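Step one of this worksheet: look at the structure below.
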Amino acid sequence: MQTKYSSGLFKIAACFNLLAGLPFLLATTPVASLVGLEVTPTSMLFIQITMAMVVMFGWAYWMVSVDPARYRPFIGLGLASKIMVVALIGGYWLTGNIPWQLPALASGDIVFAALFWRYLSGSRLTAVQRC
Numbered sequence: 163m164q165t166k167y168s169s170g171l172f173k174i175a176a177c178f179n180l181l182a183g184l185p186f187l188l189a190t191t192p193v194a195s196l197v198g199l200e201v202t203p204t205s206m207l208f209i210q211i212t213m214a215m216v217v218m219f220g221w222a223y224w225m226v227s228v229d230p231a232r233y234r235p236f237i238g239l240g241l242a243s244k245i246m247v248v249a250l251i252g253g254y255w256l257t258g259n260i261p262w263q264l265p266a267l268a269s270g271d272i273v274f275a276a277l278f279w280r281y282l283s284g285s286r287l288t289a290v291q292r293c
């Protein structure tokens with residue numbers, strides 16, 4: 163059963179991913195320089211591949227907002243990817259390889275990871291209670 167909470171949460175997550183990914187895809191060099199990333203031909207390729215995946219996850223979150231039961235596996239996959247993104251970016255920041263701007267952007271992923279975990283834990287309990 164879809165709730166207003168799940169619909170709103172995953173629509174906001176979809177928009178967050180689109181707002182984070184599309185600028186990098188459409189204007190890679192200027193946006194990368196804003197967050198302190200060096201752009202070489204090779205790094206541009208990997209930035210664009212990564213941001214294409216961010217945008218695709220945005221689409222997946224939108225699908226979850228429409229039908230959370232059907233697309234539930236996307237939630238766990240999104241949770242895992244958000245944790246990995248935060249860990250990788252945090253590691254690079256802690257070693258001094260990137261400035262603070264990219265970790266600041268990734269802090270949104272921490273919030274969504276916690277909310278996804280909360281949603282998965284709460285909806286699992288609801289499903290168990292119904293059986």
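Position 65, counted from 1, in the sequence shown is what our numbering calls 227; the numbers after and before it change by one each time, with no gaps.
Just so you know, even glycine gets a beta-carbon here, dropped at the ideal spot from N, CA and C.
Being a predicted model, the structure only gives us computed values, none of them experimental.
Subject >> Beta-carbon contacts of Phe219 that lie in its chain and below 7 Å, excluding the five residues immediately before and after >> reply: Asn179, Gly240, Ser243
Original post:
For Ser116, which residues of its own chain have a beta-carbon under 8 Å away from its beta-carbon, when the five flanking residues on both sides are left out?
Top reply: Because the chain in this structure spans residues 163 to 293, residue 116 falls outside the shown range and cannot be described.
**OP:** Measure the alpha-carbon distance for Pro265 versus Leu196 and round it to whole angstroms.
**Re:** 12 Å
Original post:
Which word fits Val216, buried or exposed, when buried means at least 16 other C-beta atoms lie within 10 angstroms of its C-beta?
Top reply: buried
Subject >> Phe274 versus Ala249 - alpha carbon distance >> reply: 14 Å
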